[in-house]
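When we follow the numbering used here, the leftmost residue of the first sequence carries the number 3, and every step to the right adds one.
By construction, the Cβ of each residue, glycine as well, lies at the ideal position given by its N, Cα and C atoms.
Read the structure below first, then the notes.
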Amino acid sequence: MAVAKQRIEKYEPASIEAKWQEEWVRSGLHDTPDDSDRPNFYFLTMFPYPSGDIHVGHWYAFAPPDAAARFMRMRGHNVLFPMGFDAFGINAENAAIDRKIHPAVWTEKNMAHMREQFRRMGTAIDWRREVITCYPEYYRWNQWMFLKLYEKGLAYRGEAAVNWCPRDETVLANEQVINGHCERCDTLVVKRQMTQWFYKITNYADELLKFEGLDWPERVRVLQTNWIGRSEGAEIAFPVEGSSGEEIRFFTTRPDTIYGATFMVLAPEHPLVATITTSAKRAEVDRYVEHARNMAEIERTSAEREKTGVDTGAFARNVFTGERIPIYVADYVLSTYGTGAIMAVPGHDERDFAFAKKYALEIREVVSPDGAEHARLDEPYIGEGVMVRSGPFTGTRSEVGKQAVAEEARKRGVGKPSVIYRLRDWLISRQRYWGTPIPIVHCETDGAVPVPYDQLPVELPRDVEITGRGGSPLARVASFVNTTCPKCGKPARRDTDTMDTFVDSSWYMYRYVDPKIDTAFMNKTVGRKWLPVQQYTGGVEHAILHLLYMRFMTKALRDLGELPFDEPVIRFRYQGTIVFKGRKMSKSRGNVQTPDDYVRRYGADTLRLFMMFMGPWVDGADWNASGIEGVHRFLWRVWELGLTEPGPASARDGDVDGAVHRTIKKVTADLGDYHFNTAVAAMMELANTLQHASGTSRSEGVATLILLLAPFAPHITEELWRRRGGAGSIHQQRWPVYDEAVAAPREVTIVVQVDGKVRDRIPMPAGLPDAEVQRKALASPRVQATLDGMKPAKVIVVADRIVSIVTK
RNA sequence: GCUGGCGUAGUCCAACGGCAGAGACAACUCCCCUAAGAGGAGUUCAGUGCGGGUUCGAAUCCCGCCGCCAGCACCA
């Protein structure tokens, strides 16, 4: 029986939302104490880069986690849900170049705008703990960590081939290289040898492969595992014929194919190229090496390109076959992987096969799938098999041969089993202004000298001309560059590079616990109460870089004695990406979809709810607001339900009570799993049910619905809570609990199938014994008619669901 | 090219191996007739990309193909 329509006040989100947002700030509702009688729970969401263009993707990233954090609060936890800004970065410099605004001014303006957006979103953030990475109080600890890592040998200066944009005259981060082109000016990026600072993340390669005890999505674990790229094999050396003891060291994952190594290949950058090349071949080799060096990285590493190379004229000796084998230079061998040299086994490697075909080199079968020797190979055989033409190893399974050959190499003193990684050390230097200055002074006498701890922070000078040209802007600031050597006191120059901004975000979660502390990067007393982070959320695009760096930094700090745990984050969940008409949103594309119009028209609660309703959060979505009406109407229905007198108290309605308890169960489970869309659907379903209910069951059901909805739509629920006479804030109430006995449906419809076809649907009390269900099903006249005297061969009863009768 | 993920009404999406539909958009029909929001009630709409297999029973598990998306892309 529906309740008669009453005259109720209009639902006006604009005024309700503004009112409560102010009130929550005034009453400090979201300020989280470090100590309470509730268990602490650290819920972290990746902080944003203050880019200035707020789009619906930001809401997607922040509104659902906010709901999840609020849920944890209602479930009785003391939840730390902080926010801050990843405030250093290249965009601020670009703004300075394009619009003549100082990066600091531009960043401040954007942060102010975004704080306002977060407020309008209705987030339950404890802003007292805000962390901003571009402030000296923050980045001094980047410098402190740098010095600590340096002392420990985990930060070092070395030469590397980096991405260089010839037009902007600066190195670029990998993520600033789009398809081999500079993100800013679209110039083709080249590799350039430069001396840079690195963090020794490779020390932790094996540990970073371990995820024990972590609740992280499979996809992220796989991405990180592939990125680290562990390969087992052997490192072996072949001597160069006729040389003064020179040898070529190489790594192989297939030592079992060593008898098939009919030539060797060096990367063009390999140091031995210069020494072993015969005079007859010198000119040709030099030309090839020079050409390779000038080639763009993207072109050079393209797998589609035809293999090229030149003969050095030199020979190595395959110590296993005893044969002389030619040494080539080819750019399909990378100087940056392994030792920059390979034994080429054309019979069992596609690349070597292609190369051998082109240069008419010998292709020999040494692993046979069937154990028989074959005269010729039309294509390389990559798989495992039986070793053939392999001297004493002939007849050995290749899987076994790998280890056996590696051991044999060790015995002969020419090699050993070995493991290598694709992961490289983390290049942290940037020839940019808007970042953390590297706390190093270069002295003619003493070399690279660390800035003493008591001189930190090395502050970023404010007055800098930013042109985007001519390398590090800091190098042109005499007052910054010129200093004295901390060791000898003589005039010296500061390092003018700044740190990769991923350094900033590699430890920020430790700053939130007490961002004001100025004696350490982290307040350890407070940190002990919160860390490690219980729940982290963010975009899957950070699956490798940020999340890997963060794990590395935690392990490094642990080894410095600064942290008592191994991993920064116990549970990680990611959201998918919001695109617009199939394309990523960006200012340059001009397709940024802003939330402002929707907030104005429907309110923040509607937009929050819509973000969660669009589909599974992990999937992301193509932005299309056409469904927003539906959630808005739902909030209207809740509003009406909340403010309508339910009519006279009446006997309980067991069906309504059951629906209420089932909804509690469903929403609780779905919210815990980040299945926001189905949780919202369940609440819509309950609202539909309650509209047709009355009396006590209805009014209690409405009260429950409002509580369940509170994390999703914090403003309307707060308003309804108070109007309905609730004490305090709804957001401080306890999450509803369900009673399984009430939630269980009392009556179920049992479907009866005969040979797979539905023949009857019989209502029965839930929980009936199988035998009884079977008896009733067989007694059905329709079933009897279908059976027509036939005897069932088999009857399957699935409790409370189905009876399947098989006759044949 | 390799690896992974995904293909369900016109659309977005649900569905422990058990009646394909939870919720919503759109469309259509009717109602409400201002006091009010882009109101309410209802109807229509797919047999789950294609082909096999397993099973009493498959959207769900397995195999092959097609399409889309993402990641990696000469990693020795």
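Please classify residue i: is it buried, with 16 or more other beta-carbons within 10 angstroms of its beta-carbon, or exposed?
i, result
"methionine 3", "A caution first: methionine 3 carries a pLDDT of 34, below 50, which makes its placement in the model unreliable, though a value can still be read off. Answer is exposed; the Cβ neighbour count stays below 16."
"aspartate 790", "exposed"
"alanine 6", "Reliability of the predicted coordinates at alanine 6 is poor, the pLDDT of 43 falling under 50, and the value obtained from them is presented with this limitation in mind. With fewer than 16 Cβ atoms within 10 Å of its Cβ, alanine 6 is classed as exposed."
"leucine 274", "buried"
"serine 701", "buried"
"asparagine 320", "buried"
"cysteine 187", "exposed"
"lysine 404", "buried"
"threonine 125", "buried"
"tyrosine 330", "buried"
"serine 17", "exposed"
"glycine 387", "buried"
"asparagine 296", "exposed"
"asparagine 144", "buried"
Is the beta carbon of residue i less than 8 Å from the beta carbon of residue j?
i, j, result
"isoleucine 804", "isoleucine 752", "yes"
"lysine 1", "phenylalanine 357", "Nothing can be reported for residue 1: it is not among the residues displayed for the chain, which extend from 3 to 810."
"methionine 74", "phenylalanine 120", "no"
"aspartate 88", "proline 50", "yes"
"proline 475", "tyrosine 435", "yes"
"valine 191", "tryptophan 229", "no"
"arginine 471", "aspartate 170", "yes"
"alanine 318", "proline 241", "yes"
"valine 421", "arginine 232", "yes"
"serine 507", "histidine 548", "yes"
"threonine 438", "tyrosine 141", "yes"
"threonine 498", "valine 483", "yes"
"glutamine 226", "leucine 210", "yes"
"methionine 123", "arginine 610", "yes"
"glutamate 461", "arginine 478", "no"
"glutamine 735", "leucine 709", "yes"
"threonine 447", "lysine 492", "yes"
"glutamate 161", "methionine 116", "no"
Using only CA atoms, which one of the options lies nearest to residue i?
i, options, result
"lysine 594", "Leu692, Phe567, Phe582 and Tyr600", "The residue asked about is misnamed: residue 594 is valine in this sequence, not lysine. Ranking Leu692, Phe567, Phe582 and Tyr600 by Cα distance to valine 594 puts Phe582 first."
"tyrosine 13", "Glu721, Leu688, Asp208 and His57", "Glu721"
"asparagine 375", "Ser17, Gly385, Met389 and Leu363", "First, the amino acid is wrong: residue 375 is glutamate here, not asparagine. The residue with the shortest Cα to Cα distance from glutamate 375 is Met389."
"phenylalanine 83", "Ile329, Val515 and Ile250", "Val515"
"proline 812", "Lys102, Arg72 and Val133", "Since the displayed the chain opens at 3 and closes at 810, residue 812 lies outside it and no answer follows."
"tyrosine 44", "Lys413, Leu770 and Val571", "Val571"
"glycine 349", "Thr338, Tyr361, Val368 and Met616", "Val368"
"proline 459", "Pro138, Glu214 and Ile807", "Pro138"
"phenylalanine 322", "Arg295, Gly387, Gly340 and Thr396", "Thr396"
"alanine 63", "Tyr538, Leu462 and Thr172", "Tyr538"
"threonine 788", "Val775, Val808, Arg777 and Trp532", "Val808"
"lysine 526", "Val505, Ala494, Glu564 and Ser431", "Glu564"
"proline 382", "Ala346, Thr398, Asp561 and Asp624", "Ala346"
"cysteine 136", "Ala94, Lys668, Met147 and Glu401", "Ala94"
"proline 794", "Ala781, Lys810 and Lys518", "Lys810"
Which first and last residues belong to the beta strand (DSSP E) in which residue i is found?
i, result
"glutamine 755", "749-756"
"phenylalanine 357", "From DSSP, phenylalanine 357 is part of no beta strand (DSSP E) but of the alpha helix (DSSP H) over 352-361."
"asparagine 80", "80-82"
"aspartate 506", "Counting along the chain, aspartate 506 falls outside any beta strand (DSSP E), though it belongs to the alpha helix (DSSP H) covering 503-506."
"lysine 193", "192-201"
"glutamate 237", "232-241"
At what residues does the alpha helix (DSSP H) containing residue i begin and finish?
i, result
"isoleucine 92", "92-101"
"glutamine 537", "Segment 535-541 is the beta strand (DSSP E) holding glutamine 537; no alpha helix (DSSP H) there."
"tyrosine 140", "138-153"
"glutamine 776", "772-781"
"asparagine 811", "The structure shown does not extend to residue 811, since the chain spans only 3 to 810, so no value can be given for it."
"proline 348", "Taken as a continuous stretch (DSSP letters only), proline 348 belongs to no alpha helix (DSSP H), as it is neither H nor E."
Quick test of your reading: residue i and residue j, contact by CB under 8 Å. State the CB separation rounded to the nearest angstrom.
i, j, result
"valine 785", "valine 750", "Not quite, the Cβ-Cβ distance comes to about 17 Å (not below 8 Å), so this is no contact."
"alanine 746", "aspartate 772", "At roughly 17 Å, the Cβ-Cβ gap does not stay under 8 Å, so alanine 746 and aspartate 772 are not in contact."
"asparagine 199", "alanine 157", "For the record, residue 199 in the displayed sequence is tryptophan; it is not asparagine. Their Cβ separation, rounded to whole angstroms, is 6 Å, which keeps tryptophan 199 and alanine 157 in contact under 8 Å."
"phenylalanine 636", "alanine 681", "Between alanine 681 and phenylalanine 636 the Cβ distance is about 13 Å, and since that is not below 8 Å, they are no contact."
"glutamate 19", "aspartate 607", "7 Å"
What do you reckon, is the C-beta of residue i under 7 Å from a heavy atom of the ligand PLP?
i, result
"glutamate 249", "Only the bare structure without any ligand can be found here, which leaves the ligand PLP out of the picture."
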